[in-house]
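In the numbering used here, the protein residues as written are 1 to 424. For glycine and all other residues, C-beta sits at the position ideal for the given N, C-alpha and C. It should be emphasised that the depicted structure is a prediction, and the values quoted were computed from it without experimental measurement. Okay, structure first, notes after.
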Amino acid sequence: MNIFALIDCNNFYASCERVFDPSLQNKPIVILSNNDGCIVARSNEAKKLGIPMGAPLYKWQEVCKKYQVKVFSSNYALYGDMSNRIMHILKELCENIEIYSIDEAFVLFKAPLKFDLYKYALTIKQTIFQQTGIPVSIGLGPSKTLAKVANHIAKKNTSTGVFDITDDYIRNNTLTYFPVSDIWGIGRQITKKLLNYNITTAKHLHDFDIKTLRREFSVVLEKTIEELRGIPCIELENITTKKQIVSSRSFGKTTTQLIQVEEAISHYTAKACVKLRRQKSLASGIMVFIHTNLFSKNKPKYSNSASFIFIKPTSDTGNIISSAKLCLKKIFKPGFEYKKAGIMLLNLVPEHIEQHDIFNPAEDPKKYKLMLAIDSINASMGKTTLFFCAEGINQKWQMKSLQRSPRYTTNWQELPIASCRKKG
DNA sequence: TCTGGGGTCCTAGGACCC
DNA sequence: TCTGGGGTCCTAGGACCC
């Protein structure tokens, strides 16, 4: 039997902060979303205080003060770099790996297995901790969904941080106590609907007549049930080319000025184009959206979007920014206080498939080379070394990030300093 | 004062065709 | 009095994930 493993970092963002500041050990930590708005990650100590995931910081400000919770802005330069290091180690230790998110990866161990998988999982865990300082948990099972379940258990109920759910007896036992809402793919809406069938645990779902549920729900739930039964339906994916690329942000401060929204849109477009070229794709179109603060009770609300289809797929930042600006002009209405804007690159196609004909000659190769040159300069000398004028210089709309820790691993000025003091 | 950002997949329903 | 039916393609929106 093939076995899936899910390797998941424990409280990843909080753990990253701790690696470089050991005084944070055993202290409650929370990490904020972009713009310092919501709490998006918590250490175990913070979870114990009852601080929920996704809560706006201002609602928990007092609790944070009272219990001296350390509050950080998100530091993606640091988290991304730590993630790369961990995935690199995994690739050295395992053959078939799918990077699922910044802090998670699936590994497929193909039958016949020639070694003790449980022991090997312990080795993986120890190696990652030794080389990066990040603790991980590992779940093992015959399907991805079961590996996820096992990972949950590994995090909460084991001393080793590894749990294997492959054995039938262990699986049955575990599913009996596992809430249906904790299953991968079962969200709030489906949990609510399942309650009508008295399904509250993973075991209930595992045992229920699959055809009945198929009629009421979608094929997605059907697959989940099969997976709980140990029949893998969700394969390991190793392609990481995106089908669309989104770049959007809330502004640090609202703005009524077209020029500022234009700068922001241009900046987001430039960022998305870098990603586009990195995965060697071309975009067939762009969608631009803007809106005011949709939570505000007393101010006028407005939101709108517009899209533009290119004559032929492209990855040229200059051209795409011009199209983005055209879209923005169509939907921008003066007098509103804009809070957020963003763009989406649509229908991405691989570079090499691009069809040329006499009416649509290939993109100017010089322009393409220029783009690659800009990308490589920015990659080696810092993201903002070269940028398009349209992105603006003041960038008054830039997000808030007041409590970011140093970018310990990616910025020369912010490297951690080791000092030794002489005794006596 | 203060409410994230970036993705995927599936389905229903409309438009259109013969 | 009676107003087809089947197929495809596209899009918007919902649900989920981290």
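Curious, which full-length alpha helix (DSSP H) runs of at least 4 residues does the stretch 119 to 191 contain?
144 to 157, 168 to 177
From the DSSP output, in three-state form, read off D364 for me.
coil
Taking the beta strand (DSSP E) that F106 falls in, what are its first and last residues?
104 to 109
Quick one: grab the DSSP three-state call for E98.
strand
Close-in-space but distant-in-sequence residues of the same chain around L93 (CB under 7 Å, 5 per side omitted):
Closer than 7 Å at Cβ, skipping near neighbours: I124, T127.
For E237, which residues from the same chain have a beta carbon less than 8 Å from its beta carbon, with the 5 sequence-adjacent residues on both sides left out?
E98
Which of helix, strand or coil does DSSP assign to C9?
strand
Counting along the chain, where does the beta strand (DSSP E) carrying S322 start and finish?
S322 -> not in any beta strand (DSSP E); alpha helix (DSSP H) instead, spanning 317 to 331.
Using the Cα positions of N157 and K91, report the straight-line distance between them to the nearest angstrom.
27 Å
Can you give me the C-alpha to C-alpha distance between K47 and I29, rounded to a whole angstrom?
9 Å
For K339, count the other beta carbons within 10 Å of its own beta carbon; 16 or more makes it buried, fewer makes it exposed. Which is it?
buried
Rounding to the nearest angstrom, what Cα-Cα distance links K155 and S137 in this structure?
It is roughly 6 Å from the alpha-carbon of K155 to the alpha-carbon of S137.
Taking the Cβ atom as the reference point for each residue, do G133 and S23 lie within a distance shorter than 9 Å?
no
Quick one: grab the DSSP three-state call for Y302.
coil
From K203, I210, F217, pick the residue whose C-alpha is nearest to that of K192; which is it?
F217
Since S73 and L32 should fall inside the 8 Å C-beta cutoff, what is the C-beta to C-beta distance between them, to a whole number of angstroms?
5 Å
Whose C-alpha, out of E262, T256, C273, is nearest the C-alpha of K242?
C273
Quick check on this structure: which residue in S143, D167, P135, L146 has the alpha carbon closest to the alpha carbon of S159?
P135
Going by DSSP, what residue range makes up the alpha helix (DSSP H) through I234?
Here I234 belongs to no alpha helix (DSSP H), and DSSP marks it neither H nor E.
What number of angstroms, rounded off, separates the C-alpha of C64 from the C-alpha of R277?
C64 and R277: Cα-Cα distance of roughly 42 Å.
Measuring only the C-alpha atoms, how far is N298 from C389?
36 Å
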